[in-house]
Structure formats: C-alpha cells, structure tokens
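Read through the structure below, which is laid out as structure tokens, and then see the notes.
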Amino acid sequence: MSSTPSPSPHLAVFPGSFDPLTNGHVDIIERGCYIFDRVIVAVLINEAKTPLFTIKERVEIIREVFTGTPNVEVDTFDGLLVDYGRRKGADAIIRGLRAMSDFEYEFQMALMNRRLNHDIETVFLMPAEQYTYTSSRLIKEVFMLGGEVSGLVPDVVEDRLRNKQAILRDRLSGIRNANA
Ligand code: PNS
25 MSSTPSPSPH LAVFPGSFDP LTNGHVDIIE RGCYIFDRVI VAVLINEAKT
75 PLFTIKERVE IIREVFTGTP NVEVDTFDGL LVDYGRRKGA DAIIRGLRAM
125 SDFEYEFQMA LMNRRLNHDI ETVFLMPAEQ YTYTSSRLIK EVFMLGGEVS
175 GLVPDVVEDR LRNKQAILRD RLSGIRNANA
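Residue 41 in my numbering is what sits at position 17 of the sequence shown, and the numbering runs on without skipping anything.
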C-alpha cells in the first residue's frame, strides 16, 4: 500500500496591536486554528503609539488566554509584517473582517503586502456576529466611561482594565481639558 506523504504544516500569522485583546480577536484566532496547523499571534511594537497596555502586558494576556492551546504562539514584531512572516516561514496572514468599513483599509494592506511578498497570502476571517462591533478602541472608551464590557473581552482583560482605571481617568480628563 502506498502512503501519501503528509503535507507540510501550514503556519499563519495573526498580526495586530491587541491593545487589548478582545473576544473578537479570540474568535478569529480560534477560527484560524481550524484552518492552519499553527497560528502565531504577532503583537506589533509601535513606538509611535501610546498604548494602554505595554507590549509585555499584551503578550502576557494573550498567552494566558491561550494557555493549553499548543498550536497558538505569541510573539512580537517590528518592521514590515511580510519580513517577519518570511522569517517565520508563514504561509498566510490572518486578518479579521468585521464590517464593510474595515474592507478598504484591509484590502489596501493585503494588496501592498502581496506586492512586497507574493509567497504569503492574506486570509480574511469573519468573527461571530456578536463581535462585529467590538474593537479595542471602543472597549477602552466604554470601560473608561463606566460602561459594561463583560462578554466582549476575556475575564483577564476586564481585570487588567480595572487596574488601569487611574490611567484611563487621566486620559479622559486630558481629553476633556483639551476640548474645554
Ligand atoms: O490591529 P491593527 O492595529 O489594525 O494591526 C495593524 C497591523 C499591525 C497589521 C499593521 O499596522 C502592520 O502590519 N504593521 C507592520 C508594518 C507594515 O508591515 N506595514 C505595511 C502594511 S501594508
């Protein structure tokens, strides 16, 4: 009986800021795990932005949420995403598409990335409907203004948001003063 050679494992990179990780991200990562053998969640190191969570905190959060999921790895990167993907031997870049409003930016990015590296294909995945309006930016804003975010972020994120309340309050008063 002839045996078919096993296909080489497929690796995808899921890049983003993850400031913080939301349940929408978690949903996309889980969907990615159905399709790919390994998924690397790659947190962008962006010196130009002032994130709420440090890189270390964001990595810790994602690792905690995916403890026990051996095919999910968490890493950081800077520079071009396609260069990082090439170094890792990635076959694909995963991006989540929530609504048409995401499409234009994502389309531009996918085509630019393809121009830079033809060997890595961008794959768009749609989250479950209940997460189509969830974004890290909105989560921070709603939480900062006292709104309920449970169910939209992992529990660990909710706990850590509570620890950041003072920073969030300072930011809010900064915004109010600037608008006064
Ligand atoms: O979650 P985000 O902030 O929308 O993720 C954006 C991200 C990290 C995917 C994008 O900014 C990125 O890939 N940055 C790395 C620099 C790069 O490769 N830029 C060219 C993209 S066409």
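Glycine included, C-beta positions come from ideal geometry on N, C-alpha and C.
Cα atoms of Ala116 and Asn201: separation of roughly 44 Å, rounded to the nearest angstrom. Across the set Glu130, Ile118, Glu145, Glu182, the C-alpha of Ile118 shows the shortest separation from the C-alpha of His49. In the DSSP annotation of this structure, Gly113 is not part of any beta strand (DSSP E), being labelled neither H nor E. Each of Val37, Ser32, Thr46 was checked against the Cα of Arg161, and the nearest Cα belongs to Thr46.
Approximately 15 Å separates the beta-carbon atoms of Ile64 and Ile79; this is outside 8 Å, ruling out the contact.
Remark: fewer than three beta-carbon pairs, one from each stretch, lie closer than 8 Å, so the stretch 161-180 and the stretch 55-62 are not flagged as touching. Counting other Cβ atoms within 10 Å of its Cβ, Arg184 reaches 16 or more and is therefore classed as buried. Closer than 7 Å to some heavy atom of the ligand PNS: that describes the Cβ of Ser41. Of the candidates Phe38, Val180, Leu105, Phe38 places its Cα closest to the Cα of Glu54.
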